[in-house]
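**Student:**
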Amino acid sequence: MTTTVHSSAIVDEGASIGEGTRVWHWVHVCGGATIGKGCSLGQNVFVGNDVVIGDNVKIQNNVSVYDAVRLEDDVFCGPSMVFTNVYNPRSAITRKDEYRKTHVRKGATLGANCTIVCGVDIGTYAFIGAGAVVNRDVPAYALMLGMPARRKGWMCKCGVQLKGDGEIRCTCGLAYLIDKNSCVAL
């Protein structure tokens, strides 16, 4: 597999892009970025210098992945979703030394037009609904909806919402132990 970079994309010297990754139209990857294998960066994506993207990450059109963001393997970033990196920005005040780290764990889905306020940790296989605004940490497998985002349920690794409490088996066959505060894969 070869890395594919569209002729309209800009990949600054020093950027690391893994084998089989596809970089589409009008993408800009800054020189300090690290991008894993088998990723897809859709049209008009920006990737900052202090960004680490794992393997098999899909970043849809019009997403900016700013400094201090970490995306683990198999993360999905929906169209036009938003990351921030400064909690209290002002145009006239430089706060580059105040960037807050955002960590998106393996397999998480960030729905179209959602906003991830900097400084949060999004758990493994969490599912952030379209348009949600996340301003606090998200547990593994949590389904988060609304503004501000609140947990409305639990999601399987396969992307199907889990129903009930106790030991639950998804239609895909995976099993979970669910209570009011957590969802643990068995």
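As numbered in the working numbering, residues 1 to 186 make up the sequence shown, in order. Where is the CB? At the ideal position from N, CA and C, for every residue including glycine. Here the structure is a predicted model, which is why all the values come from computation and not from measurement.
For threonine 102, report the span of its beta strand (DSSP E) as first-last.
**Tutor:** In the sequence shown, the residue the question calls residue 102 occupies position 102. Segment 102-104, the beta strand (DSSP E) holding threonine 102.
**Student:** How is glutamate 98 classed by DSSP in three states: helix, strand or coil?
**Tutor:** Looking up residue 98 in the sequence shown gives position 98. Three-state DSSP puts glutamate 98 in a helix.
**Student:** Taking just the CA atoms, how far does glycine 166 sit from proline 79?
**Tutor:** Taking the first residue of the sequence shown as position 1, residue 79 is located at position 79. Taking the first residue of the sequence shown as position 1, residue 166 is located at position 166. The straight-line gap from Cα to Cα measures roughly 35 Å.
**Student:** Assuming alanine 68 and threonine 109 are in contact, meaning their beta carbons sit under 8 Å apart, how far apart are those beta carbons, in whole angstroms?
**Tutor:** Taking the first residue of the sequence shown as 1, we reach residue 68 at position 68. Taking the first residue of the sequence shown as 1, we reach residue 109 at position 109. Between threonine 109 and alanine 68 the Cβ distance is about 21 Å, and since that is not below 8 Å, they are no contact.
**Student:** Here's the rule: buried if 16 or more other CB atoms are within 10 angstroms of the residue's CB, otherwise exposed. What is leucine 177?
**Tutor:** In the sequence shown, the residue the question calls residue 177 occupies position 177. By the neighbour-count rule (16 or more Cβ atoms within 10 Å), leucine 177 is not buried but exposed.
**Student:** Report the residue ranges of all beta strand (DSSP E) runs contained in full by the stretch 88-159; include only those spanning at least 3 residues, in chain order.
**Tutor:** Qualifying beta strand (DSSP E) stretches, in chain order: 102-104, 142-145, 150-155.
**Student:** Whether or not the stretch 88-96 and the stretch 39-57 are in contact is what I'm after, with contact meaning three or more pairs of Cβ atoms, one per stretch, closer than 8 Å; do they touch?
**Tutor:** Contact between the stretch 39-57 and the stretch 88-96 is absent, because fewer than three Cβ pairs lie under 8 Å.
**Student:** Determine the DSSP secondary structure at alanine 15, reduced to helix, strand or coil.
**Tutor:** For this step, residue 15 is matched to residue 15 along the sequence shown. DSSP places alanine 15 in coil when its eight states are reduced to three.
**Student:** Give the straight-line distance between the Cα atoms of cysteine 156 and tyrosine 141, rounded to the nearest whole angstrom.
**Tutor:** What you label residue 156 is simply residue 156 of the sequence shown in a count that begins at 1. What you label residue 141 is simply residue 141 of the sequence shown in a count that begins at 1. If you take the alpha carbons of cysteine 156 and tyrosine 141, they lie about 7 Å apart.
**Student:** Give the secondary structure of threonine 4 by DSSP, where H, G and I count as helix, E and B as strand, and everything else as coil.
**Tutor:** Counted from its first residue, the sequence shown places residue 4 at position 4. The answer is strand: DSSP assigns threonine 4 an E or B state.
**Student:** From glycine 38 to isoleucine 59, what distance separates their C-alpha atoms?
**Tutor:** In the sequence shown, counting from the first residue as 1, residue 38 sits at position 38. In the sequence shown, counting from the first residue as 1, residue 59 sits at position 59. For glycine 38 and isoleucine 59, the distance between alpha carbons rounds to 12 Å.
**Student:** When DSSP labels each residue in this structure, what does valine 23 get in the three-state scheme?
**Tutor:** One-based indexing of the sequence shown puts residue 23 at position 23. Three-state result, valine 23: strand.
**Student:** Starting from tyrosine 176, follow the beta strand (DSSP E) in both directions and report where the run begins and ends.
**Tutor:** Taking the sequence shown and counting its residues from 1, the one referred to as residue 176 is at position 176. Its beta strand (DSSP E) spans residues 175-178.
**Student:** Go to valine 86, then tell me how far its beta strand (DSSP E) extends in each direction, as first and last residue.
**Tutor:** The residue you call residue 86 lines up with position 86 of the sequence shown. Taken as a continuous stretch (DSSP letters only), valine 86 belongs to no beta strand (DSSP E), as it is neither H nor E.
**Student:** Please go through the same chain and pick out, in chain order, the residues whose beta-carbon is closer than 7 Å to the beta-carbon of arginine 169, but skip the five residues on each side of it.
**Tutor:** Taking the sequence shown and counting its residues from 1, the one referred to as residue 169 is at position 169. Taken in chain order, the residues that qualify are Ala175.
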